[in-house]
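Heads up: the structure comes next, in structure tokens.
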Amino acid sequence: MTALASDKTDYDVLNTVALKKMATPQVVAEACGLPRTEVEAALDRLAAQGLLVVAGGAALPTDEAEPALAAAAARRYGAVRADAEVGGLVERFETVNSQFLTTMSSWQQVDVGGRKVANDHSDAEYDDKVIARLDKLIARLGPLLEALAGHDARFGTYPARFRSALERIDRGEHEYVSSPTLDSVHNVWFEFHEDLLRTLGRERTE
Amino acid sequence: MADVLAEGYNVFDTAKSPSGTVKYLESPADVIGLIQSGRLAEHILLVQGGTTTFLAPALSMGAIGVITMSGAPESHLGILSREFQTPCVMTAHLTSSESRYVVGNTDPSHFEEIAKALDGRKVRLDCTDHEVGRVVADD
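Which chain is which? The protein sequence lines are A and B, in order.
Quick note on my numbering: the first sequence kicks off at 717 and runs consecutively.
Quick note on my numbering: the second sequence kicks off at 29 and runs consecutively.
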């Protein structure tokens, strides 16, 4: 466990696998900004410790991964947890997160006479409004991401990923709103939320 | 009419009505084991929470149906199930029991009762109603 707390590469690699739930070495390398060979060596080390398994070419976290990451995060992120500015921004994030989930659902489903039906995306004006709302919600994460990046550069990767997804959406690639198999706005948001909770040692609420 | 074992929120209306043996998944290891068994498509997956994020690989690998014992359709898992078009009944309760999930105030016995009643049962999900998702006996 100590190695995970002191070795940034191992922490970042296992953290990424845990956030993505299932990831190939290439995906981990891109997300961590590390050479693939370094990631593969880290995956081997982590597998030897029983923290992940490789199945079908992808790494998946074992039951031991979350507790190990939680213990390592407690040692690594004492300063973040004590940062009053981060604390204040996180309180506001909870509200933004609820609005985000509602907005994402309104992208998938529309209200027709009190009944939720699948959004067939034929109403461009409606879709544009939802996208504009997502854009605003992402912008509201800015100060928190910046404050966190001051503690760990990893949090500096999220704005770039959001920007990339939004640019694709602007170009008409609307699957970058919510597709679970792309680096979509929903996926990036979800990973950030999990990363944030782990960093701060908090639990997800229902 | 077939025996309705449990009811909950229907995450999205669908004519898909998957049938399979309920498999209760408690941990990431259970999900990994199921994926590795190659028998994912034989099971309706039962998990405790809508925030049970370890279920994501099962959805991407072709899970046919999901039942949760807590959580809302607006949650991450709800969003994922709509994306994958995997029928999903959330915050299911047993029709034979008075016990209900209450946010932040649910005794573990509530979840144990549901898991005990459903795990291993052959069921079918009925997700045609716009509000209520049903777990119907199929054995």
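Quick reminder that beta carbons are idealized off the backbone N, C-alpha and C, glycines included.
Residues bridged to residue i by DSSP?
i, result
"B/Arg162", "B/Glu35, B/Asp154"
"B/Cys116", "B/Val94"
"A/Tyr892", "Answer is none; A/Tyr892 lacks a bridge partner."
"B/His121", "B/Glu35"
"A/Leu776", "A/Val769"
"B/Tyr52", "B/Leu74"
"A/Arg920", "None; A/Arg920 has no bridge partner."
"A/Asp827", "A/Lys832"
"B/Ser47", "B/Arg152"
"A/Ala739", "A/Ala775"
Below 7 Å on C-beta distance, what does residue i contact in chain A?
i, result
"B/Phe82", "Lys737"
"B/Glu141", "Under the 7 Å cutoff, chain A gives no residues; its nearest Cβ is about 19 Å from B/Glu141."
Indicate whether at least one CB of chain B lies closer than 7 Å to the CB of residue i.
i, result
"A/Phe816", "no"
"A/Asp779", "yes"
"A/Ser894", "yes"
"A/Ser821", "yes"
"A/Lys724", "no"
Is the CB of residue i under 7 Å away from at least one CB in chain A?
i, result
"B/Arg128", "no"
"B/His71", "no"
"B/His138", "no"
"B/His121", "no"
"B/Glu54", "no"
"B/Arg110", "yes"
List, in order along the chain, the chain A residues whose C-beta lies closer than 8 Å to that of residue i?
i, result
"B/Phe40", "Gln824, Gln825, Lys832, Ala834"
"B/Ala57", "Thr778, Asp779"
Give me the chain B residues within the contact set of residue i, using Cβ-Cβ distance strictly less than 7 Å, ordered along the chain.
i, result
"A/Ala771", "Ile60, Ile63, Gln64"
"A/Phe906", "His104"
"A/Thr897", "Ser88"
"A/His1000", "Because chain A is modelled from 717 through 922, residue 1000 of chain A falls outside the range shown and cannot be assessed."
Kindly list, in the order they appear in chain B, the residues whose Cβ is closer than 9 Å to that of residue i.
i, result
"A/Thr915", "Going along chain B, no residue has its Cβ under 9 Å from A/Thr915, so there is no contact; the nearest lies around 16 Å."
"A/His867", "Chain B residues near A/His867: none, gap ~24 Å exceeds 9 Å."
From the beta carbon of residue i, is the nearest beta carbon of chain E less than 7 Å away?
i, result
"A/Phe878", "Absent from the structure is chain E; the protein chains it does hold are A and B."
Identify the contact partners of residue i in chain B, using a Cβ-Cβ distance below 8 Å as the criterion.
i, result
"A/Glu910", "Thr81"
"A/His890", "Neighbours of A/His890 on chain B: none; closest Cβ ~13 Å, over 8 Å."
Original post:
Taking any Cβ of chain A, which residues in the segment 84 to 108 of chain B have a Cβ under 9 Å from it, in chain order?
Top reply: Within the segment 84 to 108 of chain B, the residues whose Cβ lies closer than 9 Å to some Cβ of chain A are Ala84, Pro85, Leu87, Ser88, Met89, Ser98, Gly99, Ala100, Pro101, Glu102, Ser103, His104, Gly106, Ile107, Leu108, listed in chain order.
**OP:** Below 8 Å between beta carbons is the criterion; list the residues of the segment 737 to 767 of chain A that meet it against any residue of chain B, in chain order.
**Re:** For chain B, the residues of the segment 737 to 767 of chain A that bring a beta carbon within less than 8 Å of one of its beta carbons are Lys737, Met738, in chain order.
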